[in-house]
Every structure is written in structure tokens, then in C-alpha cells.
Amino acid sequence: MVLLKIAAHWQFACCKVAKKLRSHGFLLRNSARLHQVHSLHSSVTKCSLEGREGQTLVCDFHGTLLRTPSLFPYFMLVAFEGGSLWRAFLLLLLSPLLWVLGNRSEITMRIIVFVTFCGLRTKHLELVSRAVLPKFYLENLRLQACELLAATGKRVVLTSMPRLMVEGFLKEYLGVSEVVGAELQVVRGCYFTGLISGSTLAAKQKALKDIFGESKADVALVSSSNLHDHPFITYCKETFVVNKEEDASGMSTEMPRSKYPKPLVFHDGRLALLPTPSVILAIFMWLPIAIPLAVIRIAMGIIFPYRVTVFIGALIGIRFAVGGPHTSTSDAGTGSCRKGVLYVCTHRTLLDPVILCIALQRPVPAVTYSLSRMSEILAPMKTVRLTRDRKRDAATMRRLLCDGDLAVCPEGTTCREPYLLRFSSLFAELAENIVPVAMDVRVGMFYGTTASGQKWLDPVVFMLNPLPVYTVDILERVPPEMTCAGGWTATEVANRVQKQLADALGFECTTFTRRDKYMILAGNEGVVRNECEGLEKKPPK
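See below:
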């Protein structure tokens with residue numbers, strides 16, 4: 001029986017090798033034709049962008065607009081963020097088979113789609129395609145191809161990926177007019193079956209014929225390594241080629257953030273890096289170590305005094321960088337019931353108030369707009385919830401300032417990218433002693449924030465990172481003449497503090513609010529359910 005199993009495994013391995021060799025032979029037989037096709041057309045780097053406003057462009061998404069050679073990471077993002085760890089692990093186990101079959105074969109696409117989508121709810125794909133995938137698409141766009149795309153008037157993009165995975169991004173960020181892709185089958189109106197239709201070359205040709213009829217598009221943009229692109233050259237008057245040789249020669253093809261077609265301010269999901277097979281394998285190997293390590297890190301923040309937390313944190317992989325004066329109540333102003341210092345912090349994670357306490361080496365109470373009960377329990381300092389009632393919130397903050405120092409994050413929600421959201425002006429109305437605190441965080445694997453997931457897990461997920469870095473820069477106190485007591489309006493004070501913090505961090509100021517973030521990422525107004533009481537607390541207006 002053992003010998004039979006060995007023989008079966010050996011036969012299966014030989015079949016895989018034979019398949020790979022056949023595929024390699026096919027590519028060798030077609031390499032001459034491939035070179036002949038592309039030698040007739042110019043490189044996209046030599047294409048003039050002027051006078052193309054009225055032209056129509058046709059191109060493929062993967063391999064032409066995207067620089068990444070494999071589609072696996074994007075399906076892994078759907079499996080991990082929209083599905084579960086088990087679905088992601090199964091997809092990882094199949095990655096060697098998918099590699100053997102080839103990235104662009106139809107059987108590969110059907111296997112990866114089935115594993116990723118079978119039984120997945122449609123709303124989960126909607127969330128991932130809206131809030132998670134755009135970040136990774138933008139980071140892997142090919143600059144020259146997108147510049148040509150932006151120069152044309154009408155844009156048609158073909159893809160072998162499911163249309164629902166790319167259509168929202170292509171239309172919102174790149175202004176694409178038509179997207180032709182595979183269609184996912186749905187059962188009971190809300191579950192994917194894992195089956196697709198319209199992914200074949202014939203289906204793409206039919207779609208192009210339906211769009212253009214007897215006429216032709218003006219420009220075709222094709223990849224030098226994708227045979228599936230070539231048939232739609234006949235539907236276009238002019239063709240340009242994206243060459244892998246130019247990518248390898250050192251020419252910059254990565255799109256810098258400054259040239260993004262639309263600023264990326266908000267995104268969601270837990271993964272902080274593109275999950276290639278090697279990356280996701282490293283993550284799964286790290287998790288058994290990371291989970292007990294996260295428990296130790298959280299316990300460290302609760303048990304040990306603030307004075308030794310920095311040193312212990314360094315031993316277990318948490319790095320702190322603290323700078324600036326340590327202002328305290330004793331050297332604050334002497335106004336009646338306004339003796340406390342109000343620390344106005346940028347908001348990167350739920351741990352911001354805790355990190356501020358570590359930086360100051362003393363507990364400072366914090367006010368929050370909405371916080372899960374679990375996060376309140378784990379917080380080593382006092383937290384006070386604010387409501388939607390501006391008068392009640394003002395009275396609460398005045399009372400806390402009379403008792404001592406106070407920390408507040410006037411953005412009302414976290415932001416991962418180098419932007420600051422609009423500051424609520426409430427803090428400026430209440431305090432004369434305002435100290436801005438510029439906080440930033442760097443992670444390697446996981447984001448410790450979420451808009452649509454389980455928020456009570458945010459501190460735990462942050463602590464799963466191998467070497468998280470927190471930077472705290474305590475700035476100089478706002479001059480008294482630049483506060484409301486000095487004649488400034490509350491809005492002017494809030495805007496000045498926002499600009500000061502943005503300059504300190506190298507960020508940009510925006511007018512986005514908490515409500516904007518949750519409407520973009522989760523399609524709601526940021527309601528947080530209290531796990532213990534079943535209550536819902538909405539963000540302030």
C-alpha cells in the first residue's frame with residue numbers, strides 16, 4: 001500500500017512536470033511569432049500623448065496596466081479579507097499547482113476563482129473591491145501605460161479576472177468607460193457559486209465586436225508577454241507595446257503617489273503588504289509565534305509602570321521614538337477650572353492615548369467618540385466616551401480638564417495614509433493650554449485599524465506585527481494669543497493645529513470627516529456596536 005502511494009505521488013509529480021514542459025514548449029514555438037508581432041509596433045515609452053483626447057483605447061488590465069506578473073495576490077486579498085483564514089490557507093496550498101498550470105491558462109483561472117469565491121457572500125466582495133483592492137492596484141500600476149490611458153477620451157479595458165473585482169476601481173480611479181471581464185455566477189441572490197463565464201478569448205472578441213461593431217478603436221495597448229492580447233490588435237488602428245525588457249532595464253515604471261489619478265486617503269483590510277505566495281506563507285508561519293507574543297505585549301502595557309514599558313517593549317519588538325518637551329499640569333496656565341493641559345493628538349490607531357501615556361511616563365485620561373468595550377477594558381488609563389450632544393461633550397471635557405490633563409484625537413477616527421482629517425473645533429473652545437502631539441505608526445504585516453471588521457480586535461492585530469514602530473513628537477504649546485482666549489475663533493485654532501501637526505509629520509490636510517471615511521469604506525456612518533450592552537453609539541456630527 002505504501003509503495004502504491006509512493007507510485008501515485010510520483011506519477012502525479014511527473015504529470016505536473018510534463019505539463020510544465022509542454023507549456024514551455026508552446027511558448028518556445030510561439031516566441032518567434034511573439035517577437036514578430038511586437039517588432040512591428042512601437043513601445044509605449046515612445047508614444048506621444050498629445051492630441052489623443054478624442055481617441056479610444058483598448059488594453060488588458062493584468063500585464064499591461066498592472067506591473068505584477070501574477071494575479072494570485074489579488075485573489076488572496078479577497079480570500080483573506082472577504083473570506084477567512086481557512087480559505088486563504090487553502091488557496092496557499094494550491095499555489096504550487098497554479099504555478100505549474102501557468103498564470104494565464106483558463107484552467108488556472110477557474111480553479112483560483114472557485115476556491116476564492118465558492119460560498120462567499122456578495123456583500124463581502126463589494127467591501128473588498130471598494131475598500132481593500134484599490135490600494136494594491138494603485139501601488140502596482142504601470143506609469144507609462146496609465147499616462148497613455150489618461151490621455152485618451154474613451155477607455156475600454158479587458159480582463160480575464162472577474163469583472164466585479166476590477167470594475168469599481170477602473171471606473172472610479174482610471175475613468176474607464178467599459179470593462180469586459182469574467183462574470184461570477186450567483187445563487188440565492190447573495191452567494192457566489194465559484195463558477196465563471198465569459199473568461200475565454202472568444203468571449204472577449206465578441207464583447208469587442210458588440211462595443212465597436214464594424215468600426216475600430218484608435219489605440220491598442222498590449223503586453224509583450226501576453227498572447228491573449230494579440231487578437232484585439234485587429235480591432236484597433238494603432239498599437240503600442242509594454243515591454244518586459246524595459247522594465248528589467250531599470251526604467252521607472254512604478255507610479256509614484258504624487259501621480260495617482262485620485263488620492264488614496266482611505267482603505268481598509270488587515271494586510272499591510274501584497275500577499276504573494278511567499279509573503280502569505282511567511283504570515284502563516286509567523287502567526288503561531290505572533291499570537292502569544294501579542295498577549296505578552298498587551299499584558300506588558302497593563303501590568304508594568306510606564307517608566308519601564310519602553311525598555312521592556314524594545315526587548316519584545318516594539319520600538320518607540322519620543323521627542324519634544326513633556327509639558328504637565330504643574331507648568332500650565334492658571335485659569336479657573338482650566339488648569340489641565342489638553343494634548344491634541346493625530347489619530348493613527350486605538351493605541352494612541354496609551355502611547356502618549358508611555359511617552360509622558362504618567363497616565364493621561366482620554367476622551368473617545370466610539371470605542372469597543374474590549375478596548376476600554378484593556379486600556380491602562382481612564383477613557384471617557386463622548387456623545388453626539390455637543391453641550392454634554394463640552395461639559396464632560398471641562399470637568400476632566402479641571403481634574404488634570406486630558407488627551408483628545410479631534411479627527412474622530414483613524415487614517416492610515418499620510419493625511420490628516422478635519423479637526424473638530426470643540427477642543428479649541430474649551431482649553432487655553434493646548435499641546436499638539438504628532439503621532440505616527442509603521443507596521444510590517446497587519447493594520448491595527450478597521451472600518452468594516454471587528455474593531456475590538458484592533459489592538460490585538462496591531463500587536464501581531466513583528467516589529468511595529470510608534471513615533472511621538474510632542475510639539476510646543478500653542479501660544480495663548482493664538483487660542484480662543486487670544487481672539488481666534490475655534491475653527492481657526494483647530495485648522496492651525498491641524499496644519500502644524502501635518503507639517504511636523506510631512507502629511508497633507510484634508511476636509512474629510514469620520515462620516516466620509518465610513519461612507520466610503522463601509523457604506524455606513526460609523527456605527528460601533530457595544531459587544532456587552534448591545535448598544536450603538538454614532539459619531540458626533
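Numbering (full-length UniProt numbering), first residue to last: 1 to 541.
Ideal Cβ positions, reconstructed from N, Cα and C, are used throughout, including at glycine.
Where the beta strand (DSSP E) through residue i begins and ends
| i | result |
| --- | --- |
| S197 | Y191 to S197 |
| R442 | I434 to R442 |
| F240 | C236 to V242 |
| T471 | V469 to I474 |
| L274 | Careful: L274 lies outside any beta strand (DSSP E) and carries neither H nor E. |
| S258 | Looking at the DSSP string, S258 is not in any beta strand (DSSP E), and its letter there is neither H nor E. |
| C357 | Not the beta strand (DSSP E): C357 falls in the alpha helix (DSSP H), residues D352 to L360. |
| L342 | L342 to C345 |
| L71 | No beta strand (DSSP E) contains L71, which DSSP labels as neither H nor E. |
| L49 | No beta strand (DSSP E) contains L49, which DSSP labels as neither H nor E. |
| G448 | Careful: G448 lies outside any beta strand (DSSP E) and carries neither H nor E. |
| F320 | R319 to G323 |
| residue 543 | What the structure shows of the chain is the stretch from 1 to 541, and residue 543 is not part of that stretch, so it cannot be assessed. |
| E56 | Per the sequence shown, residue 56 should be read as Thr rather than Glu. From DSSP, the beta strand (DSSP E) with T56 extends over T56 to D60. |
Residue nearest to residue i in terms of C-alpha spacing, selected from the options
| i | options | result |
| --- | --- | --- |
| C415 | V408, S425 and T449 | T449 |
| A272 | N524, G213 and V461 | V461 |
| T159 | G153, G175 and E167 | E167 |
| V322 | T122, L356 and L174 | L356 |
| P468 | W488, A294, F304 and R390 | A294 |
| P363 | D389, D405 and L386 | D405 |
| V344 | V279, Q500 and P480 | Q500 |
| V437 | P410, A451, G523 and M445 | P410 |
| E172 | L133, G189, V241 and V44 | L133 |
| E429 | G444, L342, R477 and M445 | L342 |
| L351 | P325, G324 and K382 | K382 |
| K216 | K204, Y235, T513 and G153 | Y235 |
| N524 | P480, A485 and S452 | S452 |
| I296 | T309, F284 and M285 | T309 |
| T200 | V176, G213 and P162 | P162 |
| A182 | D60, T349, S84 and A359 | D60 |
| P164 | R385, S105, A207 and F75 | Strictly speaking, residue 164 in this sequence is Leu, with Pro absent from that position. Nearest C-alpha to L164: F75. |
| M519 | L85, A290, D218 and A131 | A131 |
| D516 | I434, F266, V241 and F114 | F266 |
| V219 | Y306, A502, S42 and S197 | S42 |
| K259 | K455, A150 and W488 | A150 |
| P292 | F232, N465 and I434 | N465 |
| L386 | F304, V408, D403 and L457 | V408 |
| D440 | L127, F114, A502 and L208 | A502 |
Supposed contact pair residue j and residue i - C-beta distance, whole angstroms, cut 8 Å
| i | j | result |
| --- | --- | --- |
| F423 | A494 | 4 Å |
| P459 | L378 | 6 Å |
| Y419 | T510 | 5 Å |
| L264 | G340 | At roughly 37 Å, the Cβ-Cβ gap does not stay under 8 Å, so L264 and G340 are not in contact. |
| L92 | L281 | 6 Å |
| L143 | C47 | Not quite, the Cβ-Cβ distance comes to about 13 Å (not below 8 Å), so this is no contact. |
| L125 | V186 | Rounded, the Cβ-Cβ distance is 10 Å, inconsistent with contact. |
| F89 | F284 | 6 Å |
| I211 | V156 | 6 Å |
| T56 | T152 | 7 Å |
| I312 | P380 | So it is not a contact: roughly 14 Å between Cβ atoms. |
| T413 | R270 | At roughly 17 Å, the Cβ-Cβ gap does not stay under 8 Å, so T413 and R270 are not in contact. |
| L274 | P73 | 5 Å |
| T64 | L315 | The pair is not a contact, with the Cβ atoms about 48 Å apart (cut-off 8 Å). |
| F117 | L184 | 6 Å |
Residue range of the unbroken alpha helix (DSSP H) whose run includes residue i
| i | result |
| --- | --- |
| Y306 | Y306 to L315 |
| S95 | L85 to L101 |
| T116 | E106 to F117 |
| V367 | Where V367 is concerned, there is no enclosing alpha helix (DSSP H), although the beta strand (DSSP E) it sits in stretches over A366 to T368. |
| D218 | Element bounds for D218: not the alpha helix (DSSP H) but the beta strand (DSSP E), A217 to S223. |
| F266 | Note, F266: premise wrong, no alpha helix (DSSP H); not H, not E. |
| L208 | L201 to F212 |
| A428 | L426 to L430 |
Scan the region 127-180 and note each continuous beta strand (DSSP E) run of 3 residues or more that stays entirely inside, going in chain order. Qualifying beta strand (DSSP E) stretches, in chain order: 154-162.
For the structure I just gave you, are there three or more beta carbon pairs, one from the region 466-475 and one from the region 398-418, closer than 8 Å? These segments do not touch.
Give a yes or no on contact between the region 384-399 and the region 360-368, applying the rule of three or more CB pairs nearer than 8 Å. Because the criterion of three Cβ pairs below 8 Å is met, the region 384-399 and the region 360-368 touch.
Would you be able to state if there are at least three C-beta pairs under 8 Å between the region 97-117 and the region 129-139? They do not touch, by the three-pair rule.
Would you list, in sequence order, the uninterrupted alpha helix (DSSP H) runs of no fewer than 4 residues that lie entirely inside the region 451-513? Qualifying alpha helix (DSSP H) stretches, in chain order: 458-463 and 490-505.
Whole alpha helix (DSSP H) runs in the region 363-422 with 4 or more residues, listed along the chain? Within the region 363-422, the complete alpha helix (DSSP H) runs of at least 4 residues are 373-378 and 390-403.
Within 8 Å, do at least three Cβ pairs link the region 114-123 to the region 191-200? Yes: the two stretches touch, three or more of their Cβ pairs being nearer than 8 Å.
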